[in-house]
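Notes for the one structure printed next.
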Amino acid sequence: MKRFIFITGGVVSSLGKGIASAALGALLQSRGYRVRLRKLDPYLNVDPGTMSPTQHGEVFVTDDGAETDLDLGHYERFTGVSARKTDNTTTGRIYKSILEKERRGDYLGATLQVIPHVTDAIKEFVKADTDDVDFVLVEVGGTVGDIEGLPFFEAIRQLSQELGREASLFIHLTLLPYIATAGELKTKPTQHSVKELRSIGIQPDILLCRAPMPIPPEERRKLALFCNVRPEAVIEALDAQHIYEVPLEYHARGLDHEVLRHFGLEKQTTPDLKHWIQTSQTLRNPDGEVRIAIVGKYVALHDAYKSVVEALGHGGLANRVKVNLTWIPSDRYDDPNADLSELDSVDGVLLPGGFGERGALGKMRAAGYARRHKLPCFGICYGMQLAVIEVARNLAGISGAGTTEFGKPDYPAVGLMGEWVRGNTKEVRTADGDLGGTMRLGAYPAVLTKGTRVADIYGSQSISERHRHRYEVNADIIEKLAPHGVVFSGMSPDGKLPEIMELTDHPWFIGVQFHPELKSRPFNPHPLFASFIAAARDKSRLV
Ligand code: GLN
């Protein structure tokens, strides 16, 4: 029997519902259950693809090419289950599909309403594509009481009615603030939040309470009484030292036991948490430290680079070192007179993806600095494109090299390459096309050249990685750069699109057109990140 767990949030946002959901998914998995996690986002955008990275954080891309919320990255990292298009939707997407059907005439005669048309569409989304799992964990974005969230709350209420209590469970994540003058953890905001939930017909079964300290028995009793849950179902969620310790924390507080008790399954399994325990031990006892500079346009919000940061951490786990980060706004280096010597104090430079002109020259200059000073350097997507332009200009002397993403370069080293093939269909890009959902998105194969550094790192010559970009490196440049120690060691299978570049006369300088960070996991660090951190560690030992 398939069971649905709905995770909602109250009191304030940013309590870590995504990590809480991911951690519960991992705990159920550790007991042998198959899980799928999905997220319902109440905002009106069709997907987060066109939202500002400094407001909304990273856009996580799935293998099947969906641009999704960054929480799906947590789900993948914690459970190892690759997310799909069917795992994230928004109010905008739900309405878009309803309105398209309406225009086609599919509802002929009907007056379209939030209930039942919108709620039905949400329920269909939640139930679809779940044949292969035991538990579906559904996170509702935002907090209870938000206007946009109402149709989603109503839909999950209806769904739990239809499924019955034996197949559905509600978890509500709240905050217990500590008021120093009273010396107390306060339960009132949680009581109000649950009251709000109950007013729309949802009675939570479990309260997951973020708190700065253990919940005293009296407060626990009060929460249980006023919120109508069992005292054992009030689970404290204390701040963990590291996000990868959250599953162990929640397990120690009885979350998985309480969830399974609800379904009458608590005696059937024991969890196998050895990977999580090992990870926690490595995190707490590293053999050393490295410092990596992230030179990016959106460093004002670290969540804009969530998967990059996590993947660097996984690279650290692979090498048993702690990875410290220095955040550098790339536009600081746009000025040709900018001083880059702060990079002397780091062990590696990571140039992440990005868009537009601001900070682009800065990233190019950081790439040049790393190249000349033999600093390990990892360019991702835009970072790779700009590193190619840097070597074209400064090594190969093609001073007019640039990208058609901004300006009008004499030599388009990076440009709109027009079309490419996905499966049996040809996809076409034009300069005046829509911006939403039209990039080269999702998993594409690449072929690596035998004997190159990347082929060695991957231990394979055929790979598949996730993409999210509109522009491509111009294959015409390959021959021009070859005499200068630049090898395009990874290409699309048809040989037309450069996927990877590396410098031969350098300890570690690799640029990739795709986003390897999206596939890195704590138990399975991405080989490029593991290798990059190893190079940074070797450098740190030299100085
Ligand atoms: N702006 C570049 C492009 O669209 C790179 C995108 C990225 O870094 N994700 O091709």
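First residue of the sequence shown? That's 646 in our numbering, and the numbers climb one at a time after it. Glycine residues also receive a C-beta, built at the ideal position from the N, C-alpha and C atoms.
**OP:** Tell me the start and end of each unbroken alpha helix (DSSP H) in the segment 784-836 that is at least 4 residues and wholly inside, in chain order.
**Re:** 795-808
**OP:** Please report the residue range of the alpha helix (DSSP H) in which Glu-703 lies.
**Re:** Position 58 of the sequence shown holds residue 703. Looking at the DSSP string, Glu-703 is not in any alpha helix (DSSP H), and its letter there is neither H nor E.
**OP:** Can you have a look at Glu-903 and say buried or exposed, based on whether 16 or more other CB atoms are within 10 angstroms of its CB?
**Re:** Along the sequence shown, read from residue 1 onward, the residue named residue 903 stands at position 258. The residue in question, Glu-903, is buried, as its Cβ has 16 or more Cβ neighbours within 10 Å.
Subject >> 8 Å contact criterion, which Val-1131 and Val-1059 should meet: CB distance rounded >> reply: Residue 1131 sits at position 486 when you count from the first residue of the sequence shown. Residue 1059 sits at position 414 when you count from the first residue of the sequence shown. Not really, about 14 Å apart at Cβ, beyond 8 Å.
Subject >> C-beta atoms of Ile-937 and Leu-970 nearer than 8 Å >> reply: Position 292 of the sequence shown, counting from 1, holds the residue named residue 937. Position 325 of the sequence shown, counting from 1, holds the residue named residue 970. Contact flag set, yes.
**OP:** Go to Pro-1090, then tell me how far its beta strand (DSSP E) extends in each direction, as first and last residue.
**Re:** For the purposes of this step, residue 1090 is taken as the residue at position 445 of the sequence shown. Run containing Pro-1090: 1085-1093, per the beta strand (DSSP E) assignment.
Subject >> Separation of Pro-1128 from Pro-1021, as counted between CA atoms >> reply: Position 376 of the sequence shown, counting from 1, holds the residue named residue 1021. Position 483 of the sequence shown, counting from 1, holds the residue named residue 1128. Whole-angstrom Cα-Cα distance: 21 Å.
Subject >> Presumed contact (8 Å Cβ cut-off) between Glu-1147 and Val-1099, rounded CB distance >> reply: As a working mapping, residue 1147 is identified with position 502 in the sequence shown. As a working mapping, residue 1099 is identified with position 454 in the sequence shown. So it is a contact: roughly 6 Å between Cβ atoms.
Original post:
Around the Cβ of Leu-744, are there at least 16 other Cβ atoms within 10 angstroms (buried) or fewer (exposed)?
Top reply: The sequence position of residue 744 within the sequence shown is 99, counting from 1. Classification for Leu-744: exposed.
**OP:** Answer yes or no: the CB of Tyr-1116 versus the heavy atoms of the ligand FAD, is any distance below 7 Å?
**Re:** No copy of the ligand FAD occurs in the structure displayed; its ligands are the ligand GLN alone.
**OP:** Within its chain, find whatever has a CB closer than 6 Å to the CB of Ile-1108; leave out the 5 residues flanking it on each side and keep chain order.
**Re:** Here residue 1108 corresponds to residue number 463 of the sequence shown, with the count starting at 1. Answer for Ile-1108: Ala-1091, listed in chain order.
**OP:** Identify, in the order they occur along the chain, each residue of the same chain with its Cβ nearer than 7 Å to the Cβ of Asp-932, setting aside the five sequence neighbours on each side.
**Re:** Position 287 of the sequence shown, counting from 1, holds the residue named residue 932. Hits under 7 Å: Arg-965, Val-966.
Original post:
Should Arg-1003 be counted as a contact of the ligand GLN given a C-beta to heavy atom distance under 7 Å?
Top reply: Translated into positions along the sequence shown, residue 1003 becomes position 358. False, no ligand heavy atom lies under 7 Å from that Cβ.
Subject >> Inter-residue CB distance, Phe-649 and Val-839 (contact presumed, cutoff 8 Å) >> reply: One-based indexing of the sequence shown puts residue 649 at position 4. One-based indexing of the sequence shown puts residue 839 at position 194. Actually they are not in contact, since the Cβ atoms of Phe-649 and Val-839 sit about 20 Å apart, beyond 8 Å.
Original post:
Do Glu-987 and the ligand GLN come close, with the Cβ less than 7 Å from some heavy atom?
Top reply: Within the sequence shown, numbered from 1, the residue matching residue 987 stands at position 342. For the ligand GLN, not one heavy atom lies less than 7 Å from the Cβ of Glu-987.
Subject >> Distance CB(Val-691)-CB(Gly-737) smaller than 8 Å >> reply: Taking the sequence shown and counting its residues from 1, the one referred to as residue 691 is at position 46. Taking the sequence shown and counting its residues from 1, the one referred to as residue 737 is at position 92. For Val-691 and Gly-737, yes; Cβs fall inside 8 Å.
Original post:
Going by other Cβ atoms of all chains shown within 10 Å of its Cβ, with 16 needed for buried, is Thr-699 buried or exposed?
Top reply: The sequence position of residue 699 within the sequence shown is 54, counting from 1. So Thr-699 counts as exposed.
Subject >> Beta-carbon spacing of Val-953, Ile-939 below 8 Å >> reply: On the sequence shown, position 308 is the one that residue 953 refers to. On the sequence shown, position 294 is the one that residue 939 refers to. Their beta carbons are under 8 Å apart, which means Val-953 touches Ile-939 by this criterion.
Original post:
Just to confirm, does Cys-1026 get its C-beta within under 7 Å of one of the non-hydrogen atoms of the ligand GLN?
Top reply: Within the sequence shown, numbered from 1, the residue matching residue 1026 stands at position 381. True, at least one ligand heavy atom lies under 7 Å from that Cβ.
**OP:** Would you list the one or two residues that DSSP bridges to Gly-1156?
**Re:** Taking the sequence shown and counting its residues from 1, the one referred to as residue 1156 is at position 511. For Gly-1156, which the question treats as bridged, DSSP gives the partners Gly-1024, Met-1146.
Original post:
With distances taken from CA atoms, which of Ala-671, Arg-1166, Ala-1181 is nearest Pro-916?
Top reply: In the sequence shown, residue 916 corresponds to position 271, counting from 1. It is Ala-671 whose Cα lies nearest to the Cα of Pro-916.
Original post:
Is the closest heavy atom of the ligand GLN to the C-beta of Met-1084 under 7 Å?
Top reply: Here residue 1084 corresponds to residue number 439 of the sequence shown, with the count starting at 1. Yes.
Subject >> At least three beta-carbon pairs within less than 8 Å, the segment 979-992 to the segment 1015-1031 >> reply: yes
Original post:
Helix or strand or just coil, what does DSSP make of Ser-1185?
Top reply: Walking along the sequence shown from the start, residue 1185 turns up at place 540. In this structure, Ser-1185 counts as helix in the three-state DSSP scheme.
Original post:
Does the separation of the CB atoms of Met-1029 and Gly-1140 fall below 8 Å?
Top reply: Stepping through the sequence shown from its first residue, residue 1029 is reached at position 384. Stepping through the sequence shown from its first residue, residue 1140 is reached at position 495. Contact: no.
Original post:
Which residue from Asp-779, Ser-844, Tyr-889, His-907 puts its Cα closest to that of Arg-810?
Top reply: Working through the sequence shown from its first residue, we reach residue 810 at position 165. Residue His-907 is the option with its Cα nearest to Arg-810.
Subject >> Met-1136 in three-state terms, based on DSSP >> reply: What you label residue 1136 is simply residue 491 of the sequence shown in a count that begins at 1. If DSSP states are grouped into helix, strand and coil, Met-1136 belongs with the strands.
Original post:
Quick one: what's got a C-beta closer than 6 Å to Pro-892's C-beta in the same chain, skipping five residues either side?
Top reply: Along the sequence shown, read from residue 1 onward, the residue named residue 892 stands at position 247. Contacts found: Ala-668, Ala-671, Leu-672, Trp-921.
Original post:
So Gly-993 is in the beta strand (DSSP E); what residue range does that whole segment cover?
Top reply: Residue mapping note: residue 993 aligns to position 348 of the sequence shown, counting from 1. Start and end: 993-996.
**OP:** Confirm, please, whether the CB-CB distance from Tyr-1103 to Pro-1172 is below 8 Å.
**Re:** Here residue 1172 refers to the residue found at position 527 when the sequence shown is read from its first residue. Here residue 1103 refers to the residue found at position 458 when the sequence shown is read from its first residue. The answer is yes: Cβ separation under 8 Å.
**OP:** Look at the Cβ atom of Phe-705, then the Cβ atom of Leu-1163, and state whether they are nearer than 8 Å.
**Re:** Counting from 1 along the sequence shown, the entry for residue 705 is found at position 60. Counting from 1 along the sequence shown, the entry for residue 1163 is found at position 518. In contact: Phe-705 and Leu-1163 (Cβ atoms closer than 8 Å).
**OP:** Note the first and the last residue of the continuous beta strand (DSSP E) segment covering Lys-967.
**Re:** Counting from 1 along the sequence shown, the entry for residue 967 is found at position 322. Where Lys-967 is concerned, the enclosing beta strand (DSSP E) stretches over 966-974.
Original post:
Buried or exposed: Gly-941, going by 16 or more other Cβ atoms within 10 Å of its Cβ?
Top reply: In the sequence shown, residue 941 corresponds to position 296, counting from 1. Buried, because 16 or more other Cβ atoms sit within 10 Å of the Cβ of Gly-941.
Subject >> Under 8 Å between C-beta atoms of Tyr-1056 and Ala-1011 >> reply: Residue mapping note: residue 1056 aligns to position 411 of the sequence shown, counting from 1. Residue mapping note: residue 1011 aligns to position 366 of the sequence shown, counting from 1. Contact flag unset, no.
Original post:
Taking 7 Å as the line, does the beta carbon of Phe-1000 fall inside it for any heavy atom of the ligand GLN?
Top reply: On the sequence shown, position 355 is the one that residue 1000 refers to. Yes - the ligand GLN has a heavy atom lying nearer than 7 Å to the Cβ of Phe-1000.
**OP:** For Glu-1050, verify whether its CB is less than 7 Å away from any heavy atom of the ligand GLN.
**Re:** In the sequence shown, the residue the question calls residue 1050 occupies position 405. It does: the Cβ of Glu-1050 is within 7 Å (strictly closer) of some heavy atom of the ligand GLN.
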